[in-house]
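Take a look at the structure set out below.
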Amino acid sequence: MSSTAASATTSKGMLWTGRVISGLVVLFMLFDSITKIIKVPQVIDTSVKMGFTVSMVVGIGWTLLVCVILYVIPQTSILGAILLVGYLGGAVAINVFLHNPMFNSCLAIAFGVLTWLGIYFRESRLRALVPFKS
Numbered sequence: 171m172s173s174t175a176a177s178a179t180t181s182k183g184m185l186w187t188g189r190v191i192s193g194l195v196v197l198f199m200l201f202d203s204i205t206k207i208i209k210v211p212q213v214i215d216t217s218v219k220m221g222f223t224v225s226m227v228v229g230i231g232w233t234l235l236v237c238v239i240l241y242v243i244p245q246t247s248i249l250g251a252i253l254l255v256g257y258l259g260g261a262v263a264i265n266v267f268l269h270n271p272m273f274n275s276c277l278a279i280a281f282g283v284l285t286w287l288g289i290y291f292r293e294s295r296l297r298a299l300v301p302f303k304s
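Each position in the sequence shown, counted from 1, maps to that position plus 170 in the numbering used here.
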């Protein structure tokens, strides 16, 4: 019981660290979704070269935006994290399939880790579910 009680508390430092990390993730994902939704020519051209249609890219942008919104709302943040990491996993799969530079996959993996790290620091429910013991 004491490990759950210890996991349930969030210090100010942990909370703000989580908020900053999550904020960086949100800003990156918002940028990614908005550039798809407003059809930035470079984003569309790159996506079309990868085999996507313009309507697919816009749909992916809207889907990502919904995932980001769910991640930002405290009551749905864990669901949002699951969906964001699924999106990033798809990005890794596509980059590996197309033999794109390893940097593309590493960037997506890094943001997946940051997605969970940010929420882990700010969300006591997740720390109670996945406690790290020393």
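A virtual CB, placed ideally from N, CA and C, is assigned to each residue, including glycine.
Contacts around S203, its chain only, beta-carbon distance under 7 Å, and the 5 residues preceding and following it disregarded: Taken in chain order, the residues that qualify are G231, L234, L235 and V238.
A278 and A251 closer than 8 Å at C-beta: With respect to the 8 Å criterion, A278 and A251 are not classified as neighbours on the basis of their beta carbons.
Other residues of its chain near S192: CB distance less than 7 Å, five sequence neighbours each side excluded: Around S192: G288, I289 and R292.
Nonlocal neighbours in the same chain, by C-beta distance under 7 Å from L268, ignoring five residues either side: M220, listed in sequence order.
N-terminal and C-terminal residue of the alpha helix (DSSP H) that F198 is part of: K182 to I207 is the span of the alpha helix (DSSP H), which, as asked, contains F198.
DSSP state of I264 mapped onto helix, strand, coil: In the structure shown, the three-state DSSP call for I264 is helix.
Between the CA atoms of I208 and V266 - distance to the nearest angstrom: Here the C-alpha atom of V266 lies approximately 27 Å from the C-alpha atom of I208.
Same chain, Cβ closer than 8 Å to F142, five either side skipped, listed in chain order: Limits of the chain in this structure are 171 at one end and 304 at the other, which puts residue 142 out of reach.
Option in L258, P211 and V242 with minimal Cα separation from V228: Out of L258, P211 and V242, the CA that lies nearest to the CA of V228 is found in P211.
Cβ-based neighbour list, I214, same chain, cut-off 7 Å, excluding 5 preceding and 5 following: Same-chain partners within the cutoff: V224 and V227.
Beta-carbon spacing of V196, V255 below 8 Å: Contact flag unset, no.
Proximity to R295 [Cα-Cα], best of S247, T187 and K206: Per the Cα distances, S247.
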